[in-house]
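Report on the following structure.
Here it is in structure tokens:
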């Protein structure tokens, strides 16, 4: 298995897709019930294969990931062969970026020496989808990219001053 098995709740949400998956392998509902009862290891293998297929399709579509912690923001943009990262680190321990007040503080103090920007770019020599999956496992979330794009623009403005 390349990724992780879908949870029971996720499988229940995808039960129509799973039924089509089984049908594509010419497994009927009655046969599936028999497999689950008499050959649970085969049932688990089928669920693992289906889980990997779902992850593959989902990860293929991901373009942006982000994570906001109390003292940092980490955003990633993924193209086909590389990934770009921008991070904001706040050294003021009173600030909590996970709150609306924290974001307001950041907007007002963006030029302060208590706010540091870091950027990086990485070639994706390994499997792009696996890189994204590993970051999701570390707590990053799929995003629309607005925060990433905003931070890139802010960093450009700061550099041009």
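Numbering (my numbering), first residue to last: -6 to 154.
All residues carry an ideal CB built from backbone N, CA and C; glycine is no exception.
All values derive from a computational prediction rather than experimental measurement.
Cβ neighbours of residue i in the same chain (closer than 7 Å, five flanking residues each side left out)
{"i": "residue -2", "result": "40, 41, 44"}
{"i": "residue 98", "result": "88"}
{"i": "residue 85", "result": "107"}
Contacting residues, own chain, Cβ-Cβ under 8 Å from residue i (five flanking each side not counted)
{"i": "residue 103", "result": "147, 151"}
{"i": "residue 65", "result": "80, 81, 82, 83, 90"}
{"i": "residue 135", "result": "55, 57, 58, 129"}
{"i": "residue 137", "result": "57"}
Inter-residue CB distance, residue i and residue j (contact presumed, cutoff 8 Å)
{"i": "residue 125", "j": "residue 52", "result": "5 Å"}
{"i": "residue 123", "j": "residue 76", "result": "Contact flag wrong, Cβ pair sits at about 12 Å."}
{"i": "residue 4", "j": "residue 14", "result": "Their Cβ separation, rounded to whole angstroms, is 11 Å, which puts residue 4 and residue 14 out of contact at 8 Å."}
Residues that DSSP places opposite residue i in a beta bridge
{"i": "residue 67", "result": "60, 80"}
{"i": "residue 134", "result": "59"}
Proximal residues to residue i (C-beta, below 6 Å), its chain only, five neighbours per side dropped
{"i": "residue -5", "result": "45"}
{"i": "residue 48", "result": "-4"}
C-beta atoms of residue i and residue j nearer than 8 Å
{"i": "residue 133", "j": "residue 59", "result": "yes"}
{"i": "residue 57", "j": "residue 128", "result": "no"}
{"i": "residue 36", "j": "residue 28", "result": "yes"}
(message) In chain order, what are the residue ranges of uninterrupted beta strand (DSSP E) at least 3 long that sit wholly in the region 75 to 121?
(response) The qualifying runs are 75 to 83, 108 to 116.
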